[in-house]
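Asks: Everything in the first sequence is counted per the numbering used here, starting at 356 for the first residue and increasing by one.
The beta carbon of each residue, even a glycine, is placed where N, CA and C say it ideally should be.
This is the structure, below, for whatever I ask next.
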Amino acid sequence: MKKEIKELTSRDVDYSQWYNDLVIKADLAENSAVRGCMVIKPYGYAIWEKMQAELDRMFKETGHVNAYFPLFIPKSFLSKEAEHVEGFAKECAVVTHHRLKQDPDGLGLIVDPEAKLEEELIVRPTSETIIWNTYRNWIQSYRDLPILINQWANVVRWEMRTRLFLRTAEFLWQEGHTAHATEKEAIEEAEKMLHVYADFAENFMAVPVLRGLKSASERFAGAIETYCIEALMQDGKALQAGTSHFLGQNFAKAFDVTFVNKENQQEHVWATSWGVSTRLMGALIMTHSDDNGLVLPPNLAPYQVVIVPIYRNEEQFRAVSEKVNEIVTKLRALGISVKYDDNDQKKPGWKFAEYELKGVPVRLAIGARDLENGTVEVARRDTLTKEIVSMEGIEEYIQNLLKEIQANIFQKALDYRASMTREVDSYDEFKVEIEKGGFLLCHWDGTPETEEKIKEETKATIRCIPLNGDKTPGVCMVTGKPSAQRVVFARAY
RNA sequence: CGGGGUGUAGCGCAGUCCGGUUAGCGCACCUGCUUUGGGAGCAGGUGGUCGUGAGUUCGAAUCCCACCACCCCGACCA
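Here you go:
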């Protein structure tokens, strides 16, 4: 049932070109006049808004509240936590002046040299520093804890090479920043949010993820422990889809944030931070979509159902529209989002192709023939199949179909991941297998040196040390030294 | 920052090697008629500082020089 979509590169020909084409053709985003920064178009933004709405609901359900901290961070703040600076210093945008003026030698504007800032400002690459500097003033006693705050924001990381959604200089995200009285509570928070992310990815986005810990070299700059969810894309490469960090007392110490405990002793506060970004859009696209275009899970589709009328004349159009309006009302009553495309400027064939490209989960076509027979044509995007269904009870039928599609695309992704995941015990075999992509479960001696050697020789990295994987010990595939459990290797985005 | 490539209509390209009418094609767009169950057909039409600047020449999209922008590959990364 494959059909050529205009100018959409096939995945087999060039996977990354397919991705680029799809983002553009499906109207999700485009490159902007600013190098490395994207414009997120309405259709793409609608998907992001659905992600936001659900995540926001989940954060609030777990006791978090939203707040907003500044875009700019004084340079001195960033340098207070040693590892943190090192991690981010190389990719910061810096504000040095606060005024422009007319160029005295010609037309146009120049930076006014008189307007140099006393202290330069960094455009936030992440907000730990400004937030912990603020928390110092908010926390005195254990009674002030915990603080469970999230913010929805944009951040800037000056990347050399960018790709729409996957890596852009500016991106949208949420960052949670929590403060706790005990180490145990902070670790529990970091783990809790990891599970929120995993739950969201799997049950809402239909993207299966591994839950795990990062190795030391992949850890967030300034964290004691980084938890992550890792997804597998259709080209066999891994994508980090979300991270949650246990920050220990590192930022509390750097910003002198202490509290008085019940025993009247001063202690440093324990911290976490956690985030997911518009990168999730990339994960969504590369997990489900095919050579005909985007495939969206019903939970994230800007509209779940599109209805295309088929008619030869004004009279037929009116008759079809009347029936369609009845269906629309019934579907909306069930909370299903529907678009009735009654645009007369485009032909049905064009609409079919267009909505396929945009990944609308269910498409209905209704014409004179259907009115006569009391039927409707139902096409599902995930399987590209069509069937004629009775108009009677169509709304329940579609409600069930949407659930089925949501479950089906998750299962499909899960099966793919299972087929691409295997245990490898020798380094020679590893070098062969890594070329085929996928997750390789291997024993590793736990040292950064071995990890680095593998990365240099094969471009594969440890994606995570799985939380609920096989805990059987073994020996490192490279050095033969003891290994506590298998870890997950892959080439990654 | 290294290596490669590309700049011609909104988009995709031809023309450049070998200088010479009015710079061309497809898509899109506009008008009209016929169409409408998988990206409609025909007819007519609109739209160009040929990336920028300076040169060679009677004459430059085409040749020379400089610059700029973007893309791909590497080093960096959620």
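My output table needs one value for Lys786: the three-state DSSP class, helix, strand or coil.
Replies: By one-based count along the first sequence, residue 786 stands at place 431. Looking at Lys786 - three-state DSSP - the assignment turns out to be helix.
Asks: So the alpha helix (DSSP H) Trp705 belongs to, where does it begin and stop?
Replies: Taking the first residue of the first sequence as 1, we reach residue 705 at position 350. Counting along the chain, the unbroken alpha helix (DSSP H) around Trp705 starts and ends at Pro703 to Leu712.
Asks: What residues in its chain sit with their C-beta under 7 Å from that of Lys396, if we drop five residues either side in the sequence?
Replies: Locating residue 396 in the first sequence gives position 41, where the first residue counts as 1. Cβ within range, chain order: Asp382, Leu383, Ala384 and Glu385.
Asks: Tell me which residue opens and which closes the alpha helix (DSSP H) that Val675 is part of.
Replies: Within the first sequence, numbered from 1, the residue matching residue 675 stands at position 320. Run containing Val675: Glu669 to Ala688, per the alpha helix (DSSP H) assignment.
Asks: Assess, as a yes-or-no matter, whether the segment 425 to 437 is touched by the segment 660 to 676 under the definition of 3 or more beta carbon pairs within less than 8 Å.
Replies: Contact between the segment 660 to 676 and the segment 425 to 437 is not established, with fewer than three Cβ pairs separated by less than 8 Å.
Asks: Secondary structure at Ala508, three-state DSSP: helix, strand or coil?
Replies: Within the first sequence, the letter at position 153 stands for residue 508. In the structure shown, Ala508 sits in a strand (DSSP, three-state: E or B).
Asks: Quick one: residues in its chain with C-beta nearer than 6 Å to the C-beta of Thr642, no 5 flanking neighbours on either side, listed in chain order?
Replies: Counted from its first residue, the first sequence places residue 642 at position 287. So the list reads Val562 and Ala768, once near-sequence residues are dropped.
Asks: With Lys694 as the anchor, note down where its beta strand (DSSP E) starts and where it stops.
Replies: Residue mapping note: residue 694 aligns to position 339 of the first sequence, counting from 1. Run containing Lys694: Val693 to Tyr695, per the beta strand (DSSP E) assignment.
Asks: Under the three-state reduction of DSSP, which class applies to Asn823: helix, strand or coil?
Replies: If you number the first sequence from 1, residue 823 lands on position 468. Coil, per DSSP.
Asks: For my contact list, Val510 and Phe526 are in at a C-beta cut-off of 8 Å; report their separation, rounded to the angstrom.
Replies: Position 155 of the first sequence, counted from the first residue, corresponds to residue 510. Position 171 of the first sequence, counted from the first residue, corresponds to residue 526. The pair is a contact, with the Cβ atoms about 6 Å apart (cut-off 8 Å).
Asks: Taking the Cβ atom as the reference point for each residue, do Ile486 and His532 lie within a distance shorter than 8 Å?
Replies: Taking the first residue of the first sequence as position 1, residue 486 is located at position 131. Taking the first residue of the first sequence as position 1, residue 532 is located at position 177. Result yes, Cβ atoms of Ile486 and His532 sit closer than 8 Å.
Asks: When the Cα atoms are used, what is the spatial distance from Ser781 to Thr802?
Replies: In the first sequence, residue 781 corresponds to position 426, counting from 1. In the first sequence, residue 802 corresponds to position 447, counting from 1. If I take the Cα positions, the gap works out to 17 Å.
Asks: Could you check the C-alpha separation between Lys358 and Pro703 for me, to the nearest Å?
Replies: Against the first sequence, residue 358 aligns to sequence position 3. Against the first sequence, residue 703 aligns to sequence position 348. For Lys358, the pLDDT reaches just 36, beneath the cut-off of 50, and the residue's location in the model is therefore unreliable, although a value from the coordinates is still provided. Approximately 16 Å between the Cα atoms of the pair.
Asks: Comparing C-alpha positions only, which one of Ile721, Asp737 and His798 sits nearest to Gln835?
Replies: Reading the first sequence from its first residue, position 480 is the one you call residue 835. It should be pointed out that residue 835 corresponds to Gly in this sequence rather than to Gln. The option with the nearest alpha carbon to Gly835 is His798.
Asks: Would you tell me roughly how many angstroms separate the C-alpha atoms of Tyr400 and Val843, rounded to the nearest one?
Replies: Within the first sequence, residue 400 is the residue found at index 45, counting from 1. Within the first sequence, residue 843 is the residue found at index 488, counting from 1. One alpha carbon belongs to Tyr400, the other to Val843, and they sit about 33 Å apart.
Asks: Note down, in chain order, each residue of its chain lying with its Cβ closer than 7 Å to the Cβ of Gln815, except the 5 sequence neighbours on either side.
Replies: Along the first sequence, read from residue 1 onward, the residue named residue 815 stands at position 460. Note that residue 815 corresponds to Ala in the displayed sequence, not to Gln. Taken in chain order, the residues that qualify are Ile789, Ile809, Phe844, Ala845 and Arg846.
Asks: For Tyr374, report the span of its alpha helix (DSSP H) as first-last.
Replies: Here residue 374 refers to the residue found at position 19 of the first sequence. That run of the alpha helix (DSSP H) goes Tyr370 to Lys380.
Asks: Of the residues Glu811, Ala720 and Pro653, which one's Cα is nearest the Cα of Asp737?
Replies: Here residue 737 refers to the residue found at position 382 when the first sequence is read from its first residue. Nearest option by C-alpha distance: Pro653.
Asks: Report the rounded CA-to-CA distance for Lys445 versus Trp513, giving the unit in angstroms.
Replies: The residue labelled residue 445 in the question sits at position 90 within the first sequence. The residue labelled residue 513 in the question sits at position 158 within the first sequence. Each residue's Cα considered, the two are about 8 Å apart.
Asks: Are the beta-carbon atoms of His623 and Thr633 separated by less than 8 Å?
Replies: Here residue 623 refers to the residue found at position 268 of the first sequence. Here residue 633 refers to the residue found at position 278 of the first sequence. Not in contact: His623 and Thr633 (Cβ atoms no closer than 8 Å).
Asks: Name the two residues that bound the continuous alpha helix (DSSP H) containing Phe396.
Replies: By one-based count along the first sequence, residue 396 stands at place 41. Correcting the residue type first, residue 396 is Lys in the shown sequence and not Phe. Premise fails: Lys396 is in no alpha helix (DSSP H) and is neither H nor E.
Asks: Are the beta-carbon atoms belonging to Gln754 and Ile682 less than 8 Å from one another?
Replies: Translated into positions along the first sequence, residue 754 becomes position 399. Translated into positions along the first sequence, residue 682 becomes position 327. No, these two residues do not count as a Cβ contact at 8 Å.
Asks: Thr627: buried (16+ other C-beta within 10 angstroms of its C-beta) or exposed?
Replies: Reading the first sequence from its first residue, position 272 is the one you call residue 627. Thr627 comes out buried.
Asks: Which of the three DSSP states, helix, strand or coil, is assigned to Gly597?
Replies: Counting from 1 along the first sequence, the entry for residue 597 is found at position 242. If DSSP states are grouped into helix, strand and coil, Gly597 belongs with the strands.
Asks: Secondary structure at Trp493, three-state DSSP: helix, strand or coil?
Replies: If you number the first sequence from 1, residue 493 lands on position 138. Helix at Trp493.
Asks: Closer than 7 Å by C-beta to Asp590: which residues in its own chain qualify, once you throw out the five before and the five after it? Chain order, please.
Replies: The residue given as residue 590 occupies position 235 in the first sequence. Taken in chain order, the residues that qualify are Tyr370 and Gly792.
Asks: Grab me the residues of Ala571's own chain with a C-beta within less than 7 Å of its C-beta, minus the 5 sequence neighbours each way, in chain order.
Replies: Here residue 571 refers to the residue found at position 216 when the first sequence is read from its first residue. Hits under 7 Å: Pro803.
Asks: Classify Glu622 as helix, strand or coil using the three-state DSSP reduction.
Replies: To locate residue 622, count along the first sequence from 1; it is residue 267. Here Glu622 sits in strand by DSSP.
Asks: Hey, how far is the Cα of Ile360 from the Cα of Leu377?
Replies: Along the first sequence, one-based indexing puts residue 360 at 5. Along the first sequence, one-based indexing puts residue 377 at 22. Caution is warranted here: a pLDDT of 45 is assigned to Ile360, below 50, making its placement in the model unreliable, and no coordinate value can be reported.
Asks: In angstroms, rounded to a whole number, what distance separates the CA positions of Gly637 and Leu726?
Replies: Here residue 637 is taken as the residue at index 282 of the first sequence, counted from 1. Here residue 726 is taken as the residue at index 371 of the first sequence, counted from 1. Roughly 41 Å separates the two Cα atoms.
Asks: Quick one: what's got a C-beta closer than 6 Å to Met356's C-beta in the same chain, skipping five residues either side?
Replies: Within the first sequence, residue 356 is the residue found at index 1, counting from 1. The predicted position of Met356 is uncertain, since its pLDDT is 26 and thus under 50; a value taken from the coordinates is nonetheless stated next. Hits under 6 Å: Leu739.
Asks: Report all residues from its chain with a CB closer than 6 Å to the CB of Trp629; omit the five preceding and five following residues, and keep chain order.
Replies: Translated into positions along the first sequence, residue 629 becomes position 274. Answer for Trp629: Gly531, Met548 and Ser599, listed in chain order.
Asks: List the whole-angstrom C-beta distance separating Val440 from Leu476, where the pair is believed to meet the contact cut-off of C-beta under 8 Å.
Replies: Here the question's residue 440 lines up with position 85 in the first sequence. Here the question's residue 476 lines up with position 121 in the first sequence. 15 Å between Cβ atoms; not a contact.
Asks: According to DSSP, is Gln659 part of a helix, a strand, or is it coil?
Replies: Numbered from its first residue, the first sequence carries residue 659 at position 304. Note: Gln659 maps to coil in three-state DSSP.
Asks: Give me the Cα-Cα distance between Leu639 and Lys380, rounded to the nearest whole angstrom.
Replies: Here residue 639 corresponds to residue number 284 of the first sequence, with the count starting at 1. Here residue 380 corresponds to residue number 25 of the first sequence, with the count starting at 1. Going by the C-alpha atoms only, they are around 16 Å apart.
Asks: Would you kindly check if the distance between the Cβ of Pro716 and the Cβ of Leu757 is under 8 Å?
Replies: Within the first sequence, residue 757 is the residue found at index 402, counting from 1. Within the first sequence, residue 716 is the residue found at index 361, counting from 1. Cβ distance < 8 Å, so Leu757 and Pro716 count as in contact.
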